[in-house]
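Each protein sequence line maps, in turn, to chains A and B. Using our numbering, the first residue of the first sequence is number 441, and each one after it goes up by one. Using our numbering, the first residue of the second sequence is number 64, and each one after it goes up by one. The beta carbon of each residue, even a glycine, is placed where N, CA and C say it ideally should be. Since the structure is predicted, the reported quantities are computational estimates derived from the model, not experimental observations.
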Amino acid sequence: SQTIHQWPATLVQPVGSPLSLECTVEGTSNPNLYWYRQAAGRGLQLLFYSVGIGQISSEVPQNLSASRPQDRQFILSSKKLLLSDSGFYLCAWLQRGGYTFGSGTRLTVV
Amino acid sequence: DQQVKQNSPSLSVQEGRISILNCDYTNSMFDYFLWYKKYPAEGPTFLISISSIKDKNEDGRFTVFLNKSAKHLSLHIVPSQPGDSAVYFCAGHTQPRGEVGGSQGNLIFGKGTKLSVKP
Numbered sequence: 441s442q443t444i445h446q447w448p449a450t451l452v453q454p455v456g457s458p459l460s461l462e463c464t465v466e467g468t469s470n471p472n473l474y475w476y477r478q479a480a481g482r483g484l485q486l487l488f489y490s491v492g493i494g495q496i497s498s499e500v501p502q503n504l505s506a507s508r509p510q511d512r513q514f515i516l517s518s519k520k521l522l523l524s525d526s527g528f529y530l531c532a533w534l535q536r537g538g539y540t541f542g543s544g545t546r547l548t549v550v
Numbered sequence: 064d065q066q067v068k069q070n071s072p073s074l075s076v077q078e079g080r081i082s083i084l085n086c087d088y089t090n091s092m093f094d095y096f097l098w099y100k101k102y103p104a105e106g107p108t109f110l111i112s113i114s115s116i117k118d119k120n121e122d123g124r125f126t127v128f129l130n131k132s133a134k135h136l137s138l139h140i141v142p143s144q145p146g147d148s149a150v151y152f153c154a155g156h157t158q159p160r161g162e163v164g165g166s167q168g169n170l171i172f173g174k175g176t177k178l179s180v181k182p
């Protein structure tokens with residue numbers, strides 16, 4: 441079956457610390473993968489998308505980066521977190537006719 | 064520039080009545096629109112979509128209407144149920160800049176409308 445996994449579910453990190461959020465998909469190959477962020481009071485903002493290994497497109501300049509080390513793995517990272525990085529991060533996978541989202545990671549930077 | 068706007072941050076409806084969620088857009092290049100439903104601490108789940116060449120799509124209690132001339136779409140839920148209480152996101156689908164006929168696309172979301180259905 442086709443599934444998408446995202447972890448951790450919640451994360452509290454101090455300002456200036458690094459970040460690594462992981463997303464993996466199962467049951468497919470060469471998926472198009474996306475990272476979205478929902479900040480408080482705002483909609484879903486596309487951060488990065490990837491159409492294949494090593495291929496990353498950034499939609500919004502920011503303190504974050506993304507990597508696609510394997511076909512079904514998409515990682516969101518930061519070297520030094522800012523308070524403004526707090527939010528709900530969602531990994532998404534484009535399938536025919538629509539998107540499937542992971543369960544999300546609630547990141548609180550303190 | 065907010066390409067997809069959901070001007071009502073919240074909506075309260077009585078159980079059994081109709082819920083109408085509205086969405087306006089400015090990008091005429093959107094080729095289809097989607098509605099997602101999101102519960103707290105969960106990822107959004109796909110609800111219903113409509114192609115830009117259609118004006119109506121119905122799926123059970125959910126109907127989406129598209130008015131291209133007004134650049135407006137709406138989601139109707141009838142009858143509303145308490146389990147429908149969630150945040151509803153409207154999204155427009157567009158191809159990435161410079162991509163024509165590509166398999167990937169981008170979604171541009173509105174800020175969401177929180178629907179509360181009261182028993």
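Please report whether the beta-carbon of residue i lies at a distance below 9 angstroms from any beta-carbon of chain B.
i	result
Asn508 of chain A	A quick correction: the sequence has Arg, not Asn, at residue 508 of chain A. Output row for Arg508 of chain A: interface = no.
Leu451 of chain A	no
Leu459 of chain A	no
Gln502 of chain A	no
Gln446 of chain A	yes
Glu499 of chain A	yes
Are the C-beta of residue i and some C-beta of chain A separated by less than 9 angstroms?
i	result
Gly155 of chain B	no
Tyr151 of chain B	no
Phe93 of chain B	no
Ser97 of chain B	Note that residue 97 of chain B corresponds to Leu in the displayed sequence, not to Ser. Interface residue, yes.
Gln144 of chain B	no
Val183 of chain B	Because residue 183 of chain B is not part of the residues shown, which for chain B are 64 to 182, the question remains open.
Val180 of chain B	no
Val67 of chain B	yes
Considering only their Cβ atoms, is the gap separating residue j from residue i smaller than 9 angstroms?
i	j	result
Gly106 of chain B	Gln446 of chain A	yes
Leu530 of chain A	Tyr489 of chain A	no
Lys174 of chain B	Pro72 of chain B	yes
Thr540 of chain A	Phe152 of chain B	no
Val127 of chain B	Ser137 of chain B	yes
Val500 of chain A	Leu516 of chain A	no
Lys134 of chain B	Thr89 of chain B	yes
Leu547 of chain A	Phe528 of chain A	yes
Ile111 of chain B	Leu97 of chain B	yes
Leu459 of chain A	Asp525 of chain A	yes
Asp118 of chain B	Thr157 of chain B	no
On the criterion of 16 or more Cβ atoms from any shown chain inside 10 Å, does residue i qualify as buried, or is it exposed?
i	result
Gly164 of chain B	Residue placement at Gly164 of chain B cannot be trusted, given a pLDDT of 37 that sits under 50; what the coordinates show is reported in the next sentence. It counts as exposed.
Thr523 of chain A	Here residue 523 of chain A is Leu; the residue named in the question, Thr, does not match the sequence. Leu523 of chain A is exposed by the Cβ-count criterion.
Val67 of chain B	buried
Arg171 of chain B	Correcting the residue type first, residue 171 of chain B is Ile in the shown sequence and not Arg. Ile171 of chain B is buried by the Cβ-count criterion.
Gln478 of chain A	buried
Lys519 of chain A	exposed
Ser166 of chain B	Its pLDDT being 42, under 50, Ser166 of chain B is placed unreliably by the model, and nothing is read from it.
Ile444 of chain A	buried
Pro454 of chain A	exposed
Gln69 of chain B	buried
Residue i touches chain B at which residues, Cβ-Cβ below 9 angstroms?
i	result
Arg546 of chain A	Ala104
Leu486 of chain A	Asn169, Leu170, Ile171 and Phe172
Leu530 of chain A	Gly106 and Pro107
Using a cut-off of 7 angstroms between C-beta atoms, extract the partners of residue i located in chain B.
i	result
Ser543 of chain A	Glu105 and Gly106
Gly483 of chain A	Phe152, Phe172, Gly173, Lys174 and Gly175
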